[in-house]
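Let me begin by presenting the structure, written as structure tokens, before commenting on it.
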Amino acid sequence: MLMPKRIKYRKWQRGIRRGNAHRGNTIAFGDYALMSLEDVWLSAQQIEAGRVAASHAIGKEGRFWIRVFPHKPITGKPAEVRMGGGKGEPKFYAAEIKPGTVLFEISGVTENVARQIFNNIAHKMPVKTKMVKRFHTV
Amino acid sequence: MESMTLKAELRDKKGSKHCRRMRKQGAIPAVLYGHKENPVMLSVGLKEATKLISQRHRLVKLALADKTEQVFVKDVKYDSLTESLVHIDFTRVAMDEMMTLSVEIVLKGHPKGIIEGGVLEQNLRNLNIKCLPTEIPAKIEVDVAPLGIGDLVRVKDVKLPKGVTATVDGEVVVAGVHMPKEEVVAPTPAEGVALAEPEVLTAKKEAAEGEEKEKGKGAEKAAAKPEAEKKPAAAAQPPKAGGKEEKK
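So the protein lines, in turn, are chains A and B. With the first letter of the first sequence counted as 1, position 68 gets the number 67 in numbering that gives the first Met the number 0; the numbers rise by one all the way through. With the first letter of the second sequence counted as 1, position 78 gets the number 77 in numbering that gives the first Met the number 0; the numbers rise by one all the way through.
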């Protein structure tokens, strides 16, 4: 599973997920991409589930990119623990996703195959997604 | 490439509020600048502009209220979520002046390396070229059909139309066919086993500072100890002597 190698602080503040994605919102490597339409903390486990779903379908045919990385440590308190006693311990790492963030990219496959692969991945994602394809720009 | 005519209107209101209202009414903001003349704020129809861009027109006859001007589509902005046009930049052009621009590279053909199990990878998607406005190509086609595994197409190998020169280094790779890389999967930890925690950079400093403090304290203690040991010994001697004397 993806996880940062080194971090500055063990525990982060939660932050805000207001607005749309202003970076990481265009196709950079492949021909087709899966774009998030909602905001979420996408955990490393969910990213891994997407990768596994894609690798089963792609095989050795095309290329696959993961465009998000779980940088943010998410803390939580254990079950049946009373409030207080300070902030909980880091439970997992997550990527902050905003509407418009490109999650995964594919190249070297036809549009129909890409759509099928992204459909498989979308089932593993906790947000609504859509497939986008590279189009001509000036 | 033939130039298309696009109707445009001058606009006097600027700012995000007015642009948002304009987009709701089916028009998009645009701007015309260049050739040491004052920039002009325009508005163009969204449908017409989208058609123009999708058909890869770069030279446009801009029909303003009183005159028609030959302009070049310099930049286009899209909304990343809806993929609709948001803004267009036009520049004035002189038809006898060389200009630099970026043109899309389109790969043509099915490489024979793919049949042998390879993967086609396109490294360069747009090529920077220099040409006259009358000779702007809509796209540059690159034939990749003869590529086997390990073969590359470089910029110097690309056949450019007459009057067009590439402004990038000839050795830059456009596309290539290679064997697919085997995916390296990180080992997943067994259930119930905690993940190895990443290195915490600030914790290191604190630990180092703590060690230093402890060392400092230790040194102070070590320095203080002999004195303390000496002092009691020195202090103890007279009474001892006294004691002895007393005993005596």
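No residue lacks a Cβ here, since even glycine has one placed at the ideal position from N, Cα and C.
Under a CB-based cut-off of 8 Å, is residue i close to chain A?
i, result
"S293(B)", "The first residue shown for chain B is 0 and the last is 247, placing residue 293(B) beyond what the model contains."
"E47(B)", "no"
"T4(B)", "no"
"E115(B)", "no"
"P179(B)", "yes"
"T166(B)", "no"
"L200(B)", "yes"
"E120(B)", "yes"
"P110(B)", "no"
"E8(B)", "no"
"E103(B)", "yes"
"P28(B)", "no"
"P132(B)", "no"
"P238(B)", "Low local confidence applies: a pLDDT of 45 at P238(B) is under 50, so the model's placement there is unreliable, with the coordinate-based value given in what follows. Chain A contact via Cβ: absent."
"P197(B)", "yes"
Let me see if you follow: with CB-CB separation under 8 Å, is residue i close to chain B or not?
i, result
"Y8(A)", "yes"
"T128(A)", "no"
"I96(A)", "no"
"N19(A)", "yes"
"V80(A)", "no"
"E104(A)", "no"
"G75(A)", "no"
"P69(A)", "no"
"M2(A)", "yes"
"K114(A)", "Correcting the residue type first, residue 114(A) is Arg in the shown sequence and not Lys. Closer than 8 Å: no."
"G61(A)", "yes"
"V137(A)", "yes"
"R5(A)", "yes"
"G99(A)", "yes"
"G14(A)", "no"
"G49(A)", "no"
In chain order, what residues of the same chain lie with their CB nearer than 6 Å to the CB of residue i, ignoring the 5 residues before and after it?
i, result
"L151(B)", "V172, G175"
"N122(B)", "V172"
"V143(B)", "L106, G108, P110, A174"
"K132(A)", "Y31"
"P160(B)", "P136"
"F63(A)", "A53, I57, I105"
"H34(B)", "R91"
"K76(A)", "G87"
"A146(A)", "A query on residue 146(A) cannot be resolved here, the shown segment of chain A reaching from 0 to 137 and no further."
"I128(B)", "V102, V163, A165"
Please state whether DSSP places residue i in a helix, a strand or coil.
i, result
"L9(B)", "strand"
"K16(B)", "helix"
"A48(B)", "helix"
"K15(A)", "The residue asked about is misnamed: residue 15(A) is Ile in this sequence, not Lys. Residue state, collapsed to three classes: coil."
"A227(B)", "Caution applies to A227(B), whose pLDDT of 48 falls short of 50 and renders its modelled position unreliable; the model cannot decide the point."
"D156(B)", "helix"
"F90(A)", "The sequence given here has Lys at residue 90(A), not Phe. The answer is strand: DSSP assigns K90(A) an E or B state."
"E115(B)", "coil"
"V30(B)", "strand"
"K123(A)", "coil"
"E36(B)", "strand"
"K23(B)", "helix"
"P132(B)", "helix"
"A165(B)", "strand"
"A27(A)", "coil"
"T109(A)", "coil"
"A174(B)", "strand"
"L123(B)", "coil"
"H109(B)", "coil"
"I148(B)", "coil"
"I35(A)", "The question names Ile, but residue 35(A) is Ser in the sequence shown. Here S35(A) sits in strand by DSSP."
Once you ignore the five residues that flank residue i on each side, which residues in its own chain have a CB closer than 8 Å to its CB?
i, result
"L1(A)", "A43, I46, E47, I65, F68, P69, Y92"
"K230(B)", "Confidence in K230(B) is poor, its pLDDT being 48 and thus under 50, which makes the residue's placement unreliable; the coordinate value appears in the next sentence. Excluding positions up to five away in sequence, the list is empty."
"A48(B)", "L5, I27, A29, L84, I87"
"V75(B)", "I52, L84, H86, I87, D88"
"E120(B)", "A174, G175, V176, H177"
"K247(B)", "A caution first: K247(B) carries a pLDDT of 37, below 50, which makes its placement in the model unreliable, though a value can still be read off. Same-chain partners within the cutoff: there are none."
"D168(B)", "V154"
"A78(A)", "none"
"R124(B)", "E103, I104"
Apart from the five residues on each side of it in sequence, which residues of its chain come closer than 7 Å, Cβ to Cβ, to residue i?
i, result
"P179(B)", "V118"
Report task. Note down, in chain order, all residues in the region 49-60 of chain B with a beta-carbon under 8 Å from any beta-carbon belonging to chain A. Result -> I52, S53, R55, R57
Query - Where the region 137-160 of chain B meets chain A: residues whose CB sits under 7 Å from a CB there - result: none
Query raised in the report: Along the region 62-95 of chain B, what residues have a CB closer than 8 Å to any CB found in chain A?
Result: V72, K73, D74, V75, Y77, S79, L80, E82
Query raised in the report: Quick one, which residues of the region 83-94 of chain A are near chain B if we go by CB-CB under 7 Å, in chain order?
Result: none
Query raised in the report: Between the region 23-45 of chain A and chain B, which residues of the former have CB atoms less than 7 Å from a CB of the latter, in chain order?
Result: N24, T25
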